[in-house]
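Each protein sequence line maps, in turn, to chains R and W. Numbered according to this note's numbering, the first sequence spans residues 1 to 370. Numbered according to this note's numbering, the second sequence spans residues 1001 to 1247. Note that the Cβ used here is the ideal one computed from N, Cα and C, for glycine as well. Everything on this sheet refers to the single structure shown next.
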Amino acid sequence: MQTRILRILLKKELTLMLRNPLIPRLIVAMPLLVMLVIPLVADLDVKDVGVAVVDRDHSLLSRRLVADMDASASLTVTAVCDTYDEALRHIERGDADVVLTIPSGYFRDLSGGKSPHLDLSANGVNATKGILGAQYASRSLLQTLTRWSAEEGTALPEAATASVLNRYNPTLNFRNYMIPALMVVLLILICGFLPALNLVSEKESGTIEAMNVTPVGRFTFVLSKLIPFWAIGLLVVTVGMLVGWLVYGLVPAGHIAYIYLAAILFTLVMSGLGVSIANRSSTLLQSIFVMFAFIVIFQLMGGLFTPIASMPRWAQVLTYAIPPRYFIEIMRAVYLKGAGIADLWQQYAALAAFALLFCLVAAKTYRKRE
Amino acid sequence: MKTSENVISVRHLTKRFGDFTAVDDLSLDVRKGEIFGFLGANGAGKTTAMRMLCGLSRPTSGSGTVAGFDIVRQPEDIKRHIGYMSQKFSLYGQLTVRENLTLFATIYGMPASDIRRKADEACRALGMDGVRDRPVRDLPLGWKQRLAFTAATLHTPDIVFLDEPTGGVDPATRRKFWEMIYRASSEGMTLFVTTHYLDEAEYCHRVSIMVDGRIRALDSPAGLKQQFRAATMDEVFRIVAQDARRT
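In structure tokens form, the structure reads like this:
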């Protein structure tokens, strides 16, 4: 091991990085920007769901169901109609997202011990709003029914008592879900691109040849390119966690050591990939283009924006080969559930394996001699 | 198989890139302490040949030793005993004069105390005392070249490879540069220099002229002039390179 050479190379990397007009600012500004802006704009929470009601029952209970719904925070009853077709027209016009149909004789049947059905249909055009809206509506209906049955002293039929409970993120706040994942995005970008750009610009300026003609070992040289991004990755995660805490009041439920451990492994994965790509590229443009291809796939298939569980089966299998998947799972589990290494050892093991693999590829594809 | 006489000894070195034979059957001996001029037209294969000798490029075929190590199997050992200055300025532009010298000297394993002393000496000799803490990219080209030479020789390697070290600099700076080359030679280093300036070829102990990947002439400048019945190296070069197809 060439420790003395490695030390001077690291010193060189650090000096060059600090003297670079862009990189130190980028490392601080990018996490701040992403963490401050994206959670505000990429908010998938649903507010102001319009409900068109078709009340064929006209009973006390049906009126109470409608009134309670109108009173709940995110639901507004925009129309009470006589027919389903009329309600659909409200959907088409855009002033309602969900149609609630209360069948005639609903109150009578329920009091008589039968299980009558309430019907909820949602507008699938804006799928998120429709699905979440229907969920909010059914929650509101259940609350009213539960309260009503308690007052009346009657038991609700079995089927009516089912309920949805959102564990770990009780408010279903999209931000809580997004913030841990945004830190993953930051590490993907910073620790993937910077090492690739760094190495390829050494190729373009010719300094890499000056290194290749010296006794610097290729492992030593590659390490000198990987280690600085370890430090940068940790810095980025720290800035991210600080913003999450100070701005959004979100602190990890689990120990932050687990977050740092995952971040170290993941920065190695990304910088290993960046160096490997740089080894095979001769110009900056080439390396940027190839890196971009990886990053798009990583972001779209890593479970960042779209849940892996809702992908087709074959795509779900593919995601096992996508390292950010494990890091996102770890971040969300530690942040929201307070999970530890005992719960997540499989994800940590997978990340460690990828880190080892990518760093080995980075060292193996580095050529001192053509 | 280290020979005391020859520090470079290669036989039948060939480098092909696809169908293109950049260096064709190169055989060459360079003696210890010699200043060897490696001449050739543009595209003759000088740089490729030099890169093979330095362990930057793997020969397609052929064999040989540089600084006593096998050119095919021990390129990393060769690298410990040589210095190399590429055609393109390749010190770190954002690092200062002293940081660059320290970086390369440390890589070659010089003790820290020696580095400080020799770097200071070198800065003084170069007349760069006043700029030693300035980033090297701000220096004029002539200074950069001489600094690059210093970075390649601070660790007193057995052989120094110089790829067109005086390209684009003025005659006065070229003259200073050749003084540095002579000083290095007098300290026992062997210098292997490519150049386009035929007047510089006169300063070399021996000169080879490469045409289309092959060495067409090899002797002392005086010997070459006699052989080709020419008055100057310039004329020798034109006679030898006249049938070059690759220019």
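Have a look at the DSSP bridge pairing and note the partners of residue i.
i	result
Ala-122 (chain R)	R:Val-98
Leu-110 (chain R)	Looking at the DSSP assignment, Leu-110 (chain R) forms no beta bridge with any residue, so it has no partner.
Ser-1009 (chain W)	W:Asp-1029, W:Thr-1065
Ile-1209 (chain W)	W:Leu-1039, W:Ala-1217
Pro-1135 (chain W)	W:Thr-1096
Met-1050 (chain W)	Answer is none; Met-1050 (chain W) lacks a bridge partner.
Asp-1070 (chain W)	W:Thr-1065
Leu-1191 (chain W)	W:Ile-1035, W:Val-1160
Cys-81 (chain R)	R:Val-54
Ile-1082 (chain W)	W:Ile-1159
Phe-1020 (chain W)	W:Phe-1017
Within 8 Å of any Cβ in chain R, is that where the Cβ of residue i sits?
i	result
Thr-1014 (chain W)	no
Gln-1074 (chain W)	no
Ser-1104 (chain W)	Reading the sequence as shown, one finds Phe at residue 1104 (chain W) and not Ser. Judged by the 8 Å Cβ criterion, Phe-1104 (chain W) is in contact with chain R.
Gln-1242 (chain W)	no
Ile-1107 (chain W)	yes
Tyr-1197 (chain W)	no
Thr-1003 (chain W)	Reliability fails at Thr-1003 (chain W), whose pLDDT of 43 lies under 50, so the model's placement of it is uncertain and no value is given.
Arg-1132 (chain W)	no
Gln-1094 (chain W)	yes
Leu-1056 (chain W)	yes
Glu-1099 (chain W)	yes
Ser-1220 (chain W)	no
Ser-1061 (chain W)	no
Lys-1118 (chain W)	no
Arg-1080 (chain W)	yes
Lys-1088 (chain W)	yes
Tyr-1084 (chain W)	yes
Am I right that residue i and residue j are in contact with their C-beta atoms under 8 Å? What's the rounded C-beta distance?
i	j	result
Met-1189 (chain W)	Ile-1159 (chain W)	7 Å
Ile-328 (chain R)	Leu-304 (chain R)	6 Å
Pro-195 (chain R)	Gly-302 (chain R)	Going by Cβ atoms, the distance from Pro-195 (chain R) to Gly-302 (chain R) rounds to 19 Å, so no, they are not a contact pair.
Asp-97 (chain R)	Val-54 (chain R)	The Cβ separation is near 15 Å, so there is no contact.
Leu-36 (chain R)	Asn-176 (chain R)	About 16 Å; that fails the 8 Å criterion.
Pro-1135 (chain W)	Gln-1094 (chain W)	5 Å
Thr-101 (chain R)	Asp-119 (chain R)	4 Å
Tyr-258 (chain R)	Ile-341 (chain R)	6 Å
Val-236 (chain R)	Leu-187 (chain R)	6 Å
Under 8 Å between C-beta atoms, does residue i make it to chain W?
i	result
Pro-312 (chain R)	no
Leu-16 (chain R)	yes
Arg-4 (chain R)	yes
Thr-207 (chain R)	yes
Val-216 (chain R)	yes
Glu-370 (chain R)	yes
Ile-8 (chain R)	yes
Asn-212 (chain R)	yes
Lys-12 (chain R)	yes
Arg-280 (chain R)	no
Arg-332 (chain R)	no
Arg-19 (chain R)	yes
Lys-364 (chain R)	no
Among residues of its own chain, excluding the 5 on either side of residue i, which ones have a beta-carbon nearer than 7 Å to its beta-carbon?
i	result
Ala-162 (chain R)	Model confidence at Ala-162 (chain R) stands at a pLDDT of 48, short of 50, so the residue's coordinates are unreliable; what they give is reported in the following sentence. None.
Leu-16 (chain R)	none
If you drop the 5 nearest sequence neighbours on each side, which residues of the same chain put their C-beta closer than 6 Å to that of residue i?
i	result
Val-99 (chain R)	Ala-52, Ala-87, Ser-121
Asp-1133 (chain W)	Thr-1096
Ser-72 (chain R)	Ser-140
Leu-9 (chain R)	Ser-224
Ser-1220 (chain W)	Arg-1206
Ser-1009 (chain W)	Asp-1029, Gly-1064, Thr-1065
Phe-229 (chain R)	Cys-191, Pro-195, Thr-267, Ser-271
Phe-358 (chain R)	Val-269, Gly-272, Leu-273
Thr-1166 (chain W)	Arg-1174, Phe-1177
Below 7 Å, is the gap between the Cβ of residue i and the nearest heavy atom of the ligand HEM?
i	result
Ala-257 (chain R)	Absent from the structure shown: the ligand HEM. Ligands present: none.
Skipping 5 residues on each side, what residues in its chain have a beta carbon closer than 8 Å to that of residue i?
i	result
Gly-124 (chain R)	Gly-130
Ser-62 (chain R)	Asp-55, Ile-102, Tyr-106, Phe-107
Met-1110 (chain W)	Lys-1118, Leu-1154, His-1155
- Uninterrupted beta strand (DSSP E) stretches inside the region 38 to 75 of chain R (no shorter than 3 residues): Secondary structure within the region 38 to 75 of chain R: the beta strand (DSSP E) runs of 3 or more consecutive residues, fully enclosed, are 49 to 55 (chain order).
- Which ranges would you report for the alpha helix (DSSP H) in the region 246 to 317 of chain R if only whole runs of at least 4 residues count? Fully enclosed alpha helix (DSSP H) runs of 4 or longer: 256 to 280, 284 to 301.
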